[in-house]
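Trainee:
In my numbering, the protein residues as written are 246 to 944.
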């Protein structure tokens, strides 16, 4: 951050805060309504995939959706007959047709009504109208895929309100405990600025690229968490400078030159890690990548712009109330780090083995698509899905669009499809226009099963007179897997290169960034292992309120991995920044590690607890794949703060000594020429004059 800007902000704090209030009003007005403008369709199918093209082809041929979007169950004791339900649905704007096929119900006492929407209909509006039309009538349940996505979108809004009501009081109490005094207001002010500022950014992006409604949970949880992290780090450093320099402009300058620089690198590492999700051609991942990168940048900017004004305004009132307690905390971490560095090899080996053991469940992950189990219990779409499943009606046919062919060509293709391995039944081809036919192929097993996916592959390879495009749930899952597999090497390469680059710019070392990546991978593995242990294995279902489908949705897995990786790097930046500062001021290698951990140990653990509460509030969501992101991230940040930063980092730093800071001479000269150091650092001493054995000589 520019020191001249810091000086201007701290010289005119009231003007800055007045500008902040104006910004919050503008952001609230123009960004506050973004929730209602975001897509609720999910975005789990790749853009331009064959499965999507097949559905588009069928829609173009008929002007209507390729399959029923609304499914209504009508019990025998309902006051309205199935035919009357179909007639009333047909009258809804956006419904192309509705029918009650004879004998299509899950049992003899229940009739089934199927409604197909017009191709250009607003699915959320039609679904809402259908639910409202029959919502109060006993014996009638409204479901289907369009209603499911609508009710998921509605549930997300309710979940956000519940999470805020649960998390905010806890965060306020913890902020008071960790920040003390009026400093507890800082994270709340920066957090509000971050969330509203990100909403404003997303509202602008949404005008160009349609974002998914699932981004809202990420913005609020991650926004509050990062705002708390950054303000806690800045306030802690300012309190140190108050004790050295008093409530002066110099104390603010030093704080922003050192801790502020660390915040810049931290925000950059989080942003680049999450931005790598945008390389996948899936709307859900692109949205989470854009939202995650935006919230990291906005959180960093908010902390760097708002904090200097409040530091200047409150000055000495932000000092530690009980200096001895603060020093005692630093001394405990200082002593602890020296204890770890006395046996660095053993501690590093044991810690790594334990984390590898915790990560092992991640190797047996089973991929499953989004299905009815993610719909909140109690919603009509979930009731319809459960009743159909209980009746054994789990068929989700593979849909084939045959174009530029004749009736004979369609019949021949259907006959060949019926002979394929894993095909249970093939319906008669349905002619949609002069050259387009629709074919429904029933495969054995669920869409994510090997058999159904094999049928999709065989249908796509089957010779045909004309163009063949295969869609349906199984084809969508095949296309999703292929898209992720194709782009995964690029995403991983970008993640590693960008993370190493940012950490090299910060430290000047090539060893430290590589070590950071390795430790992050261990942390990610541990967090994802917990995800498999709980959600795939179906544990704590009553406590967390979810229904296990025996696997993990792949995009969910990627978002959780990216978040944990990003936040692990975030905490690593905090610690490395203080170690580097101590080392640059002349402190010996191991002593610099001890000083760095002493200064940041309490800060990082407090920040991890606060962020785990903020983003762990996802676990209260009624949408299971939102829950999973919260649980995995909370586990990851706590493991990183309490195990990796406490045990693995100091032990590995001690083992490698001065080699931690090695860089090829050419890169070292380039780093020196770029000049990204924080400038002249104050002399950093040990936290307190305690009696400690002489550190071992650095090899």
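The beta-carbon is built from N, C-alpha and C at its ideal position, and this holds for glycine as well.
Here the structure is a predicted model, which is why all the values come from computation and not from measurement.
Which whole-angstrom value is the C-beta distance of residue 562 and residue 427, which I expect to be below 8 Å?
Mentor: 6 Å
Trainee: Could you check where the alpha helix (DSSP H) with residue 731 kicks off and where it finishes?
Mentor: Where residue 731 is concerned, the enclosing alpha helix (DSSP H) stretches over 718–752.
Trainee: From 584, 749, 811 and 758, pick the residue whose C-alpha is nearest to that of residue 768; which is it?
Mentor: 811
Trainee: Which residue from 424, 363, 253 and 317 puts its Cα closest to that of residue 855?
Mentor: 424
Trainee: Buried or exposed: which applies to residue 249, given that a residue is buried once 16 or more other Cβ atoms fall within 10 Å of its Cβ?
Mentor: Exposed, by the Cβ-count rule.
Trainee: Taking the beta strand (DSSP E) that residue 841 belongs to, which residues open and close that run?
Mentor: Secondary structure note for residue 841: it is in no beta strand (DSSP E), and the uninterrupted alpha helix (DSSP H) holding it is 834–861.
Trainee: Give every residue of the same chain whose Cβ lies closer than 6 Å to the Cβ of residue 882, excluding the five residues on either side of it in the sequence, and list them in chain order.
Mentor: 812, 853, 856 and 857
Trainee: What is the DSSP secondary structure of residue 755, reduced to helix, strand or coil?
Mentor: coil
Trainee: Which word fits residue 904, buried or exposed, when buried means at least 16 other C-beta atoms lie within 10 angstroms of its C-beta?
Mentor: exposed
Trainee: Based on the DSSP output, what are the partners of residue 684 in its beta bridges?
Mentor: 645
Trainee: Report all residues from its chain with a CB closer than 7 Å to the CB of residue 373; omit the five preceding and five following residues, and keep chain order.
Mentor: So the list reads 395, once near-sequence residues are dropped.
Trainee: Work out the CA separation of residue 367 and residue 453 for me, nearest whole Å.
Mentor: 19 Å
Trainee: Whole angstroms are fine: how far does the CA of residue 338 sit from the CA of residue 676?
Mentor: 26 Å
Trainee: Would you kindly work out how many angstroms separate the C-alpha atoms of residue 476 and residue 501, rounded to a whole number?
Mentor: 11 Å
Trainee: Three-state secondary structure (DSSP) at residue 488?
Mentor: helix
Trainee: Going by C-alpha distance, which of 260, 524, 436 and 398 is nearest residue 735?
Mentor: 524
Trainee: With DSSP collapsed to three states, give me the class of residue 606.
Mentor: helix
Trainee: Closest to residue 499 by C-alpha separation, out of 804, 846 and 252, would be which residue?
Mentor: 252
Trainee: Per DSSP, what are the beta-bridge partners of residue 388 in this structure?
Mentor: Answer by DSSP bridge pairing, in chain order: 316.
Trainee: Please report the straight-line C-alpha distance between residue 777 and residue 607, rounded to a whole angstrom.
Mentor: 6 Å
Trainee: Secondary structure at residue 382, three-state DSSP: helix, strand or coil?
Mentor: coil
Trainee: To the nearest angstrom, how far is it from the Cα of residue 864 to the Cα of residue 296?
Mentor: 32 Å
Trainee: Quick one: grab the DSSP three-state call for residue 559.
Mentor: helix
Trainee: What are the boundary residues of the alpha helix (DSSP H) that residue 631 is part of?
Mentor: 625–635
Trainee: Any idea if residue 340 is buried or exposed, counting beta-carbon neighbours within 10 angstroms, 16 or more meaning buried?
Mentor: buried
Trainee: Keeping to the same chain, check which residues put their C-beta closer than 8 Å to that of residue 939; ignore five residues upstream and five downstream.
Mentor: Residue placement at residue 939 is flagged as unreliable, the pLDDT there being 40, under the threshold of 50; the coordinate-derived value follows with that caveat. If we look at residue 939 and ignore the five residues flanking it on each side, it has no Cβ neighbours.
Trainee: Which term fits residue 265, buried or exposed, when burial requires 16 or more other beta carbons within 10 angstroms of its beta carbon?
Mentor: With 16 or more other Cβ atoms within 10 Å, it is buried.
Trainee: According to DSSP, is residue 291 part of a helix, a strand, or is it coil?
Mentor: strand
Trainee: If you run the structure through DSSP and keep just helix, strand and coil, what is residue 669?
Mentor: Residue 669 falls in the strand class under three-state DSSP.
Trainee: Can you give the beta carbon distance from residue 877 to residue 805, rounded, assuming they're within the 8 Å contact cut?
Mentor: 4 Å
Trainee: Pull up the DSSP beta-bridge partners for residue 612, would you.
Mentor: 797
Trainee: Quick one: give me the first and last residue of the alpha helix (DSSP H) that residue 228 is part of.
Mentor: With the chain represented from 246 up to 944, any question about residue 228 goes unanswered, as that position is not in the structure.
Trainee: Which ranges does the alpha helix (DSSP H) cover as unbroken runs of at least 4 residues, wholly within the stretch 774–825, from first to last along the chain?
Mentor: 786–789
Trainee: In whole angstroms, give me the CA-to-CA distance for residue 465 and residue 605.
Mentor: 31 Å
Trainee: Where does residue 456 fall in DSSP's three states?
Mentor: Residue 456: coil per DSSP, three-state reduction.
Trainee: Does the stretch 816–835 come close enough to the stretch 547–556 to have 3 or more Cβ pairs within less than 8 Å?
Mentor: Contact between the stretch 816–835 and the stretch 547–556 is absent: fewer than 3 CB-CB pairs across the two stretches fall below 8 Å.
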